[in-house]
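If you count by this note's numbering, then the sequence shown holds residues 111 to 537, one letter each, in order.
Don't be surprised by glycine CBs; every beta carbon is placed ideally from N, CA and C.
This structure is a prediction, so every number in the text was calculated from the model and none was measured.
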Amino acid sequence: MKLQPLVAALLAAPLLAQAASPEIERLITAATPGLIAIRHDIHQHPELGNRETRTSALVAEHLRKLGLEVQTGIAGTGVVAVLKGALPGPVIGLRSELDALPVTEQTGLPYASTVKTEYGGKQVGVAHVCGHDIHIAILLGVAEVLSKDRQHLRGTIKFIFQPAEEGAPDGEEGGAALMIKQGVLNAPTPEVFFSTHVGVGKAGAISVSRDRTTAAADVFVARIIGKSTHAAAPWRGIDPVPPAALAILALQTIPSRQSDLTLPPPVISIGKIDAGVRQNIIPTEVRLEGTIRSVTQAQRDDVVARLERTFKDSAESAGASAEFKLVGASYPAGANNTALVERLLPVLRAASSTGEVRISSGVYAADDLAEFSRRIPTVGFGLGATPDGTDLATAASNHSPFFVADDSVIAVGVRAFTGLIAAYGAR
Numbered sequence: 111m112k113l114q115p116l117v118a119a120l121l122a123a124p125l126l127a128q129a130a131s132p133e134i135e136r137l138i139t140a141a142t143p144g145l146i147a148i149r150h151d152i153h154q155h156p157e158l159g160n161r162e163t164r165t166s167a168l169v170a171e172h173l174r175k176l177g178l179e180v181q182t183g184i185a186g187t188g189v190v191a192v193l194k195g196a197l198p199g200p201v202i203g204l205r206s207e208l209d210a211l212p213v214t215e216q217t218g219l220p221y222a223s224t225v226k227t228e229y230g231g232k233q234v235g236v237a238h239v240c241g242h243d244i245h246i247a248i249l250l251g252v253a254e255v256l257s258k259d260r261q262h263l264r265g266t267i268k269f270i271f272q273p274a275e276e277g278a279p280d281g282e283e284g285g286a287a288l289m290i291k292q293g294v295l296n297a298p299t300p301e302v303f304f305s306t307h308v309g310v311g312k313a314g315a316i317s318v319s320r321d322r323t324t325a326a327a328d329v330f331v332a333r334i335i336g337k338s339t340h341a342a343a344p345w346r347g348i349d350p351v352p353p354a355a356l357a358i359l360a361l362q363t364i365p366s367r368q369s370d371l372t373l374p375p376p377v378i379s380i381g382k383i384d385a386g387v388r389q390n391i392i393p394t395e396v397r398l399e400g401t402i403r404s405v406t407q408a409q410r411d412d413v414v415a416r417l418e419r420t421f422k423d424s425a426e427s428a429g430a431s432a433e434f435k436l437v438g439a440s441y442p443a444g445a446n447n448t449a450l451v452e453r454l455l456p457v458l459r460a461a462s463s464t465g466e467v468r469i470s471s472g473v474y475a476a477d478d479l480a481e482f483s484r485r486i487p488t489v490g491f492g493l494g495a496t497p498d499g500t501d502l503a504t505a506a507s508n509h510s511p512f513f514v515a516d517d518s519v520i521a522v523g524v525r526a527f528t529g530l531i532a533a534y535g536a537r
């Protein structure tokens, strides 16, 4: 990607701001109790993708009270706010997700979610077990701090609160792609993007990748189609179960034996298998649903072709047939801007609770922040959020019903973002 002029200028200039100024530190300290209260409120009232109406309204109201220009209704429940500094400078984009997950929370926290809803035809809990409530609080904190220090702010900050990062409901559009389609990157257009994601790690510790951050993700559905018969007379039909089992095992040779292992390998997972209605009837078909995680477009295309061939060859070996297709929206692979990361590392070190930054090689989780990072130079960093005293080796990870993110990391996140903004805006 060609660097924007200001990015190139930043790389050529000495880094000015590393540690937060005393005034910024004072504002962060003053804002933190209120941000924690907002985080607890959002945590207790989680909403699924494209349904974040209460969360969206809370965010918009808070931003309006701070005097920002606020726009709602983008991609349904998305919120965009603009904060203009008193001094000339760049347009910087910040992004947080709004949505929760269909998970029944089991943390035992005093502000734990008890919300229930119907999802996939089942009654399930809803919970912020990916940390998006923390991300919202951090960005609201950045808005609060910088709105009160506007006279020193260089440029314009564009806050993007995005719905449906975890995926839109079946049959609906959503997420970053829909926001971009509806013009979120226009008027004004950010020159750079900053974002964070909490996860397992010492509370307040920061990590960052110099290049690859997240994997591309695709969802697939495969059907192995046979011929139903009595379980006592399998020769009178075509049993689809053995070729389905064969395919499940064979597809794991794609990453281990068929992919270029000088690169990060793809990850293929089957998450759902459905076959039959009764134990003494051989079913007509087996339906399998899974995901593909890949690190490049070429790798993705290769894996898709090999998966389709594996299912069809396995089916034909038993006299059955197979169908294979990708479904839903695909997430591209995410990447940081290498030169920008190198230049801003001192800022992240100054904000980290450890005084250090762990260099990451990226993860296989997907995040549609990649829709922004493929268009605009981006620095996305990881933020450890495991409460002190918890064994990191056994701590519950994101998406677990036991996942806990510590309130203390909100201030660290605000400090990191305000530091990045100051350093990038300095000429």
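- Shown here, isoleucine 244 sits in a helix according to DSSP, grouped into three states.
- In the DSSP annotation of this structure, the continuous segment of the alpha helix (DSSP H) that includes isoleucine 134 starts and ends at 132 to 154.
- For proline 198, the secondary structure class from DSSP, reduced to helix, strand or coil, is strand.
- Between threonine 306 and histidine 245, the beta carbon gap of about 7 angstroms places them in contact (Cβ cut-off 8 angstroms).
- Where isoleucine 378 is concerned, there is no enclosing alpha helix (DSSP H), although the beta strand (DSSP E) around it starts and stops at 377 to 385.
- For lysine 291, no beta strand (DSSP E) encloses it; the enclosing alpha helix (DSSP H) starts and ends at 285 to 291.
- Threonine 496 sits buried, since 16 or more C-beta atoms from the chains shown fall within 10 Å of its C-beta.
- Glutamine 181 sits in a strand when the DSSP states are folded into three classes.
- Check the Cα spacing between leucine 250 and each of Ile202, Leu178, Arg388, Ala130: the tightest is with Leu178.
- For glutamine 272, the enclosing beta strand (DSSP E) has its first and last residue at 264 to 272.
- Of Gly285, Ala147, Thr142, the smallest CA-CA separation from glutamate 481 is found for Gly285.
- The beta carbons of proline 353 and serine 404 sit no closer together than 7 angstroms.
- CA-CA distance, threonine 324 to proline 374, rounds to 12 angstroms.
- Residue environment: proline 143 is assigned as exposed (fewer than 16 neighbouring CB atoms within 10 Å of its CB, all protein chains considered).
- Threonine 217 sits away from threonine 187, with the two beta carbons spaced by 7 angstroms or more.
- Distance between phenylalanine 512 and serine 379, taken at the CA atoms: about 23 angstroms.
- With a beta-carbon spacing of about 4 angstroms, valine 522 and glycine 314 fall inside the 8 angstroms limit used to define contacts.
- With fewer than 16 neighbouring CB atoms inside 10 Å of its own CB, glutamate 133 falls in the exposed class.
- As a beta-bridge residue in DSSP terms, glycine 203 pairs with Lys268, Phe303.
- Secondary structure of serine 470 (DSSP, three-state): strand.
- Under the three-state reduction of DSSP, lysine 175 is assigned to helix.
- Its Cα nearest to that of aspartate 478, the residue Ala445 stands out among Leu530, Ala461, Ala445.
- Cα atoms of phenylalanine 491 and arginine 320: separation of roughly 10 angstroms, rounded to the nearest angstrom.
- For aspartate 243, same chain residues with a beta-carbon under 7 angstroms away, outside a window of 5 residues either side, are Arg149, Ile152, His153 in chain order.
- Between alanine 196 and glutamine 292, the C-beta spacing is not below 7 angstroms.
- Under the three-state reduction of DSSP, aspartate 328 is assigned to strand.
- The residues Gly159, Asn160, in chain order, have a CB closer than 7 angstroms to that of proline 279 in the same chain once the five nearest residues on each side in sequence are set aside.
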